[in-house]
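Undergrad: Position one of the sequence shown corresponds to residue 1 (the UniProt record's numbering), numbered consecutively onward. Ideal Cβ placement from N, Cα and C applies to all residues, glycine included. All figures in this text were calculated on a predicted structure; none of them were measured in a lab.
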Amino acid sequence: MAAPLPVVNTTLVSPAGFDAFDDDGPGAPPRPLAQLRTTPSGTLRLYAGRTRLAELGRPPVLDASALERLRPYAGVQVPFGAATGPVELAGFLRQLLVGGIPVYAPDLPLVVRRLLGPVLGELVATLTPSTLADPNRRERWSVAARRAALRAATAAAG
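In C-alpha cells form, the structure reads like this:
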C-alpha cells in the first residue's frame, strides 16, 4: 500500500467555471501548457513562459485563484525532478487532478506514480500531447482523472 498523501481540500480545489475549450473549433491552435518549476529553495511555482502564474508555498497548496489562472491552459507540464520529494510532488499533482487540470508528466518517476495509486498513476503516465490538443479527448481524460483523484482523496481522508 502506498504512503498516504496529504488530503485535498475540495472546497478550495474545484473545477467550477472550468473552461472546456468550447471555443476551440477545428483548426484552432492547441492551447499551451503551463509549467511547474522548483526554485532553489524548493518552493514550487507555476509559469506560462516567463510569466509567473502562482507561487505555491511549502508544502505546495493549489488555491482557487491559482486554479483560475490555469484555466486557459491545456494542462501543467511537470519536469522530471520537480519538487523536493515524491510525496510532495504526488500530493500537489493530486490537487491539480482534483481541480480538473491535466498533468503532462512523461518522465514521472515510478515512485510518484505508485503514490498516486494504480488508476491515477496510469492516467497521468499515459496522457499524450495529442490528447491535450483535442478538446473532446482532453475533457474526457480530465473528467476520468478528476474522478479517480477524488476517490483517492476521499479514501485518504478516511
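Which partner residues does residue 55 have in the DSSP bridge list?
TA: 45
Undergrad: One question on the structure: do residue 152 and residue 120 come within less than 8 Å of each other, judged by their Cβ atoms?
TA: yes
Undergrad: Using a 10 Å radius around the Cβ and a threshold of 16 neighbouring Cβ atoms, would you call residue 146 buried or exposed?
TA: buried
Undergrad: Tell me, which residues are paired with residue 75 by DSSP?
TA: 33
Undergrad: Given that a residue counts as buried once 16 or more other Cβ atoms are within 10 Å of its Cβ, and exposed if not, what is residue 27?
TA: Residue 27 should be labelled exposed.
Undergrad: By DSSP's criteria, residue 38 is part of a beta bridge. Which residues make up the other side?
TA: For residue 38, which the question treats as bridged, DSSP gives the partners 44.
Undergrad: Going by alpha carbons, who is nearest to residue 66 out of 139, 133, 144 and 44?
TA: If we check each option's Cα against that of residue 66, 44 comes out closest.
Undergrad: Drop a sphere of 10 angstroms on the beta-carbon of residue 36, count the other beta-carbons inside from all chains shown, and report buried for 16 or more, exposed for fewer.
TA: buried
Undergrad: Can the beta-carbon of residue 132 be found closer than 8 Å to that of residue 104?
TA: yes
Undergrad: Start and end of the alpha helix (DSSP H) containing residue 86?
TA: 86–98
Undergrad: Pull up the distance between the alpha-carbon of residue 99 and that of residue 68, whole angstroms please.
TA: 10 Å
Undergrad: In angstroms, rounded to a whole number, what distance separates the CA positions of residue 101 and residue 124?
TA: 11 Å
Undergrad: What's the gap between the Cα of residue 72 and the Cα of residue 31?
TA: Looking at the two C-alpha atoms, the distance is approximately 7 Å.
Undergrad: Can you tell me whether DSSP reads residue 61 as helix, strand or coil?
TA: coil
Undergrad: Hey, residue 57 and residue 84: beta-carbon distance below 8 Å or not?
TA: No, the Cβ-Cβ distance between residue 57 and residue 84 is not below 8 Å.
Undergrad: Pull up the distance between the alpha-carbon of residue 93 and that of residue 138, whole angstroms please.
TA: Rounded to the nearest angstrom, the gap between the Cα atoms of residue 93 and residue 138 is 17 Å.
Undergrad: If distances are taken between C-alpha atoms only, which option among 150, 34 and 53 comes closest to residue 75?
TA: Among 150, 34 and 53, the Cα nearest to that of residue 75 is on 34.
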